[in-house]
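Student: Have a look at this one.
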Amino acid sequence: MPAPLLFVLSGLTQYVGAAVAVGLFGVLPAATVAWLRVLVAAGVLLAWRRPWRVRELWEPARLRVTVAFGAVLAGMNVAFYVAIDHLPLGTAVALEFLGPVAVAAVTGRGWRDRVAIAVAAVGVVLLAGVSLDAGPGAVAGLVAIGVAAACWAAYIVLGRRVARAGGPGPSGLAVAMAAGALLFAPFLAGTSGPVLQDPRLAAVVVVVAVCSSVVPYAVEQVVLRRVTAATFAVLLALLPATAAVVGAVALRQLPHGLELVGLVLVSGAIVLSGRGSPAGPTPAAGAD
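Residues in the sequence shown are numbered from 237 upward in steps of one, following the working numbering.
Structure, rendered in structure tokens:
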């Protein structure tokens with residue numbers, strides 16, 4: 237299967253998982269659903285990768301970095317789910333991309349990076365303005381997606397440091413997600429009781445975890461081996477549009493007017509920042 241088509245299918249799977257998660261928010265708090273997603277995904281990755289067999293992962297210095305990486309990853313997911321409890325899915329995804337675009341602008345040196353952050357800023361202003369007119373919960377959603385964007389930026393910066401040090405790889409990701417789940421457990425495990433009492437609800441949580449974390453990560457590894465960093469940036473730019481389509485079909489969240497303009501501007505900024513960046517670790521497609 238061609239890499240672009242594979243990536244688009246991965247994006248659809250990822251945001252279908254998010255749309256399914258939104259349906260759980262009436263039963264469980266959004267933050268709890270996100271924590272359960274991380275917990276289940278960690279369990280799947282641990283069973284798949286068996287990281288306890290990789291001695292290098294358990295060296296104190298590397299383990300500290302991996303735990304920090306997991307904390308940022310879990311925090312990003314929790315903040316994102318809180319955001320989509322208040323904002324349309326496509327809008328939230330577009331606004332979250334301000335994180336990686338800002339990293340490219342700060343670390344880059346070319347004109348593309350500077351233009352990208354300006355274009356993204358205009359798109360974000362339009363999306364935020366439309367969101368504020370949409371309802372009283374918009375402020376909470378915008379704050380949450382701002383936290384998610386900051387976590388994504390930290391995820392990228394930390395990920396680059398991990399990669400330069402040799403990187404823990406997929407096995408390290410399993411440990412990182414497990415660490416993130418454990419760190420957030422004292423705050424969110426107490427509200428997950430309904431999942432233990434309802435097998436169908438538990439099955440839906442597993443579907444969310446597999447669709448939104450496991451499948452996108454596995455596909456991303458295949459795509460990154462086949463395309464250049466610049467091409468991957470173009471593919472990333474499809475994600476806000478993909479999320480908007482899924483939101484419209486599954487959640488009846490129809491973008492219009494200035495919201496559409498904002499989505500286009502953010503997507504353009506992603507392309508500009510990615511094409512101007514040197515080859516290296518890229519934002520994870522399955523980060524949300």
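We put the beta carbon where it would ideally sit given N, CA and C, even for glycine.
Which of the three DSSP states is assigned to residue 344 in this structure?
Tutor: Taking the sequence shown and counting its residues from 1, the one referred to as residue 344 is at position 108. Looking at residue 344 - three-state DSSP - the assignment turns out to be coil, as it is neither helix nor strand.
Student: Consult DSSP for residue 349 and reduce its assignment to one of helix, strand or coil.
Tutor: To locate residue 349, count along the sequence shown from 1; it is residue 113. Correct three-state label for residue 349: helix.
Student: Would you mind giving the Cβ-Cβ distance between residue 329 and residue 496, rounded to the nearest angstrom? I have them listed as a contact below 8 Å.
Tutor: Residue mapping note: residue 329 aligns to position 93 of the sequence shown, counting from 1. Residue mapping note: residue 496 aligns to position 260 of the sequence shown, counting from 1. Not a contact, Cβ separation roughly 14 Å.
Student: Helix, strand or coil: which one does DSSP assign to residue 295?
Tutor: Reading the sequence shown from its first residue, position 59 is the one you call residue 295. Correct three-state label for residue 295: coil.
Student: Identify, in the order they occur along the chain, each residue of the same chain with its Cβ nearer than 6 Å to the Cβ of residue 313, setting aside the five sequence neighbours on each side.
Tutor: Numbered from 1 along the sequence shown, position 77 holds the residue referred to as residue 313. Once the five neighbours on either side are set aside, the close Cβ partners of residue 313 are 270, 274.
Student: Let me know the secondary structure DSSP gives residue 245 once reduced to three states.
Tutor: Along the sequence shown, read from residue 1 onward, the residue named residue 245 stands at position 9. Note: residue 245 maps to helix in three-state DSSP.
Student: Express the C-alpha separation of residue 356 and residue 506 in angstroms, rounding to a whole number.
Tutor: Along the sequence shown, one-based indexing puts residue 506 at 270. Along the sequence shown, one-based indexing puts residue 356 at 120. Taking the straight line joining both Cα atoms gives about 8 Å.
Student: State the CB to CB distance for the pair residue 230 and residue 450, rounded to an integer number of angstroms; the pair is presumed to be in contact (CB under 8 Å).
Tutor: Residue 230 cannot be examined here, being either before or after the span of the chain that is shown, 237 to 524.
Student: Enumerated in chain order, which unbroken segments of the alpha helix (DSSP H) with a length of 4 residues or greater are wholly contained in the stretch 457 to 513?
Tutor: If we require 4 residues or more, the alpha helix (DSSP H) runs fully inside the stretch 457 to 513 come out as 465 to 487, 494 to 511.
Student: One question on the structure: do residue 282 and residue 425 come within less than 8 Å of each other, judged by their Cβ atoms?
Tutor: By 1-based counting over the sequence shown, the position of residue 282 is 46. By 1-based counting over the sequence shown, the position of residue 425 is 189. Result no, Cβ atoms of residue 282 and residue 425 do not sit closer than 8 Å.
Student: By a C-beta neighbour count over all protein chains shown, 10 Å radius and 16 as the cutoff for buried, is residue 334 buried or exposed?
Tutor: For the purposes of this step, residue 334 is taken as the residue at position 98 of the sequence shown. Classification of residue 334: buried, given that the 10 Å Cβ count is 16 or more.
Student: Applying the 10 Å Cβ sphere with the 16-neighbour rule, what's the burial state of residue 423?
Tutor: Within the sequence shown, numbered from 1, the residue matching residue 423 stands at position 187. Classification for residue 423: exposed.
Student: Is it the case that the stretch 454 to 468 contacts the stretch 315 to 331, given that we only count it when at least three CB pairs across the two stretches are under 8 Å?
Tutor: The stretch 315 to 331 is not in contact with the stretch 454 to 468.
Student: List the whole-angstrom C-beta distance separating residue 319 from residue 420, where the pair is believed to meet the contact cut-off of C-beta under 8 Å.
Tutor: Start at 1 with the first residue of the sequence shown, and residue 319 comes out as number 83. Start at 1 with the first residue of the sequence shown, and residue 420 comes out as number 184. 16 Å between Cβ atoms; not a contact.
Student: Residue 291 to residue 363, Cα distance in whole Å?
Tutor: Here residue 291 corresponds to residue number 55 of the sequence shown, with the count starting at 1. Here residue 363 corresponds to residue number 127 of the sequence shown, with the count starting at 1. Approximately 46 Å between the Cα atoms of the pair.
Student: Just to confirm before moving on: does the CB-CB distance between residue 471 and residue 385 stay below 8 Å?
Tutor: Within the sequence shown, the letter at position 235 stands for residue 471. Within the sequence shown, the letter at position 149 stands for residue 385. Not a contact, by the Cβ cut-off of 8 Å.
Student: Kindly list the residues whose CB is nearer than 8 Å to the CB of residue 499, restricted to its own chain and excluding five residues on each side of it in sequence; keep chain order.
Tutor: As a working mapping, residue 499 is identified with position 263 in the sequence shown. The answer, listed in chain order, is 326, 327, 330, 359, 363, 476, 477, 480, 491.
Student: If you drop the 5 nearest sequence neighbours on each side, which residues of the same chain put their C-beta closer than 8 Å to that of residue 410?
Tutor: Along the sequence shown, read from residue 1 onward, the residue named residue 410 stands at position 174. 278, 281, 282, 284, 285, 287.
Student: What number of angstroms, rounded off, separates the C-alpha of residue 368 from the C-alpha of residue 501?
Tutor: Residue numbering aside, residue 368 sits at position 132 when the sequence shown is read from its first letter. Residue numbering aside, residue 501 sits at position 265 when the sequence shown is read from its first letter. Rounded to whole angstroms, residue 368 to residue 501 spans 19 Å at the Cα level.
Student: When we look at the beta-carbon of residue 268 and count the other beta-carbons within 10 Å, is it buried (16 or more) or exposed?
Tutor: Start at 1 with the first residue of the sequence shown, and residue 268 comes out as number 32. Buried is the call here.
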